[in-house]
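Enquirer:
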Amino acid sequence: MAHLLRIDQATATPAVETTMSEECLEETRHLEQWIVHHPEVIDEGLKIVASQYNRWVSVEGGSAKEALDVLALSSSGQTVVIELKRGSDRKVHLQAITYEALVAGFDRHMLADAHAHWLTKNGAATTAEEALEQLTEHLESGWDDEILKLPRLVLVAESFPDQVLTTVQWLADTVAHGLEIECHEYSLFRDNGALYSSFQKIFPVENLEGRTLRPAPAVDTGQVRERIATRERRARSVKVIAERRGIPDHARIELNLDTLVKSEIVAQIDDWLAAESSRRSVTWVNDKVRPLLWAAAEDPSARWTPTALRDEIFAQAGVSSHNFSAADGWQYQGQSLYWFAQSLLNRESDEAETS
Numbered sequence: 008m009a010h011l012l013r014i015d016q017a018t019a020t021p022a023v024e025t026t027m028s029e030e031c032l033e034e035t036r037h038l039e040q041w042i043v044h045h046p047e048v049i050d051e052g053l054k055i056v057a058s059q060y061n062r063w064v065s066v067e068g069g070s071a072k073e074a075l076d077v078l079a080l081s082s083s084g085q086t087v088v089i090e091l092k093r094g095s096d097r098k099v100h101l102q103a104i105t106y107e108a109l110v111a112g113f114d115r116h117m118l119a120d121a122h123a124h125w126l127t128k129n130g131a132a133t134t135a136e137e138a139l140e141q142l143t144e145h146l147e148s149g150w151d152d153e154i155l156k157l158p159r160l161v162l163v164a165e166s167f168p169d170q171v172l173t174t175v176q177w178l179a180d181t182v183a184h185g186l187e188i189e190c191h192e193y194s195l196f197r198d199n200g201a202l203y204s205s206f207q208k209i210f211p212v213e214n215l216e217g218r219t220l221r222p223a224p225a226v227d228t229g230q231v232r233e234r235i236a237t238r239e240r241r242a243r244s245v246k247v248i249a250e251r252r253g254i255p256d257h258a259r260i261e262l263n264l265d266t267l268v269k270s271e272i273v274a275q276i277d278d279w280l281a282a283e284s285s286r287r288s289v290t291w292v293n294d295k296v297r298p299l300l301w302a303a304a305e306d307p308s309a310r311w312t313p314t315a316l317r318d319e320i321f322a323q324a325g326v327s328s329h330n331f332s333a334a335d336g337w338q339y340q341g342q343s344l345y346w347f348a349q350s351l352l353n354r355e356s357d358e359a360e361t362s
């Protein structure tokens with residue numbers, strides 16, 4: 008049972024737990040919108056691709072009317088199927104697995120089409136090309152077709168019956184070894200006329216590193232899962248640094264490509280950067296998503312993600328985009344952002360052990 012306390016110095020007053028039905032709230036009109044507008048309650052690395060997606064068509068031209076609640080894309084390039092239930096549903100996992108199987112056939116262009124259709128339907132007219140650009144900018148290390156074949160499945164409910172959790176664990180551990188499936192429970196509280204919601208992942212209770220979803224015969228799921236895990240660690244680098252203010256504002260950040268791309272590309276990028284001094288002027292600001300300022304940008308005050316600025320520099324230098332992790336290319340005082348973030352975490356761990 009979840010609890011929420013209102014704190015006033017040493018005094019704690021419990022909020023009253025309530026339910027969706029008691030508050031006359033609905034799955035699609037309310038719960039879905041909370042997650043669409045705040046996907047960080049599920050995972051901070053998610054970008055919503057579409058909601059209530061039902062544009063399924065078979066090769067023979069057949070269609071299905073079932074609507075997937077929420078389709079998202081992680082910063083590691085993995086699709087995420089989110090199935091929502093207002094109360095406790097003994098069949099929530101079966102429906103979600105069907106959607107997962109359908110989503111496993113998506114490629115980047117299908118995702119872009121879905122995103123463009125969803126944005127346009129919600130009042131932001133967007134072409135498929137623009138949608139693809141937006142999704143690509145969200146990725147830490149570009150697209151990986153094998154990762155797209157392995158969606159993550161997220162079930163969200165007020166509570167899960169024991170048989171659902173038992174089935175989910177059996178599927179992940181025995182039947183489909185490596186199935187990446189999560190169960191999240193949410194709770195509602197009312198306090199002083201205000202309504203609050205909390206979300207908590209209850210399964211798995213341990214890290215699923217090394218596991219994968221629905222392996223296709225031609226895919227080495229162990230290797231793909233490791234790539235997903237590595238991308239997720241690198242995608243968290245900026246957040247780790249910014250939260251700890253590990254790099255001071257206005258500190259100089261440099262792009263070092265020596266071990267990441269071919270030597271001729273390194274030379275081409277270096278020549279382009281050297282042509283104007285402002286092109287090398289990249290500085291840090293403690294923002295958990297867009298921490299970079301570039302003096303050569305059309306708007307020098309605009310903030311960039313490491314991936315977006317890398318891609319912009321490559322494009323302006325006339326070099327095709329590359330899929331290495333941007334956290335490996337950008338450096339602070341000679342150390343990549345990835346390894347700098349790891350050093351901060353290691354230091355915290357050492358201090359915790361000695362305290």
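Numbering (the numbering used here), first residue to last: 8 to 362.
Positions of the beta carbon are idealized from the N, C-alpha and C atoms, including for glycine.
These numbers come from a predicted model, not from an experiment.
(1) Extract the residue ranges of the beta strand (DSSP E) inside the region 256 to 320, only unbroken runs of 3 or more that lie entirely within it.
(2) Roughly how many whole angstroms lie between the Cα atoms of A322 and L53?
(3) Starting from A333, trace the alpha helix (DSSP H) both ways and give me its first and last residue.
(4) Count the other C-beta atoms from every protein chain shown that fall within 10 angstroms of the C-beta of Y345, then say buried if there are 16 or more, exposed otherwise.
(5) Expressed to the nearest angstrom, what Euclidean distance is found between the alpha-carbon atoms of I3 and E73?
(6) Take V245 and list the residues in its own chain whose beta-carbon comes closer than 6 Å to its own, dropping the five residues that flank it on each side.
(7) Opposite L75 in the DSSP bridges: which residues?
(8) Measure the Cβ-Cβ separation of L91 and L32 and say whether it is below 8 Å.
(9) Whole angstroms are fine: how far does the CA of W150 sit from the CA of F167?
(10) Quick one: complete alpha helix (DSSP H) runs, 4+ long, within the region 138 to 223?
(11) Is S148 buried or exposed, if buried means 16 or more other CB atoms sit within 10 Å of its CB?
(12) Cutting at 8 Å between CB atoms, please list the residues of its own chain near R159, excluding the five before and the five after it.
(13) Rounded to whole angstroms, how far is the Cβ of V23 from the Cβ of R197, which I believe are closer than 8 Å?
(14) Using CA atoms only, rank isn't needed, just tell me which of E355, Q342 and N263 is closest to I320.
(15) Please say whether P313 and A334 have beta carbons closer to each other than 8 Å?
(16) Is it the case that the region 55 to 64 contacts the region 108 to 127, given that we only count it when at least three CB pairs across the two stretches are under 8 Å?
(17) Could you tell me how far apart the beta carbons of Y193 and V171 are, in whole angstroms, since I believe they sit closer than 8 Å?
(18) Measuring alpha carbon to alpha carbon, tell me which of A304, A79 and V110 ends up nearest E1.
(19) Would V326 and I276 qualify as a contact pair, given that the criterion is a beta-carbon distance under 8 Å?
Expert: This is what the structure holds:
(1) 289 to 291 and 299 to 301
(2) 26 Å
(3) A333 to G336
(4) buried
(5) With the chain covering only 8 through 362, there is no way to say anything about residue 3.
(6) P298
(7) Y60
(8) no
(9) 34 Å
(10) 152 to 155 and 169 to 177
(11) buried
(12) S81, Q85, T86, V87, V88, E187, I188, E189 and L220
(13) 5 Å
(14) N263
(15) yes
(16) yes
(17) Wrong, their Cβ atoms sit about 15 Å apart, outside the cutoff.
(18) Outside the displayed range of the chain (8 to 362) lies residue 1, so it cannot be described from this structure.
(19) yes
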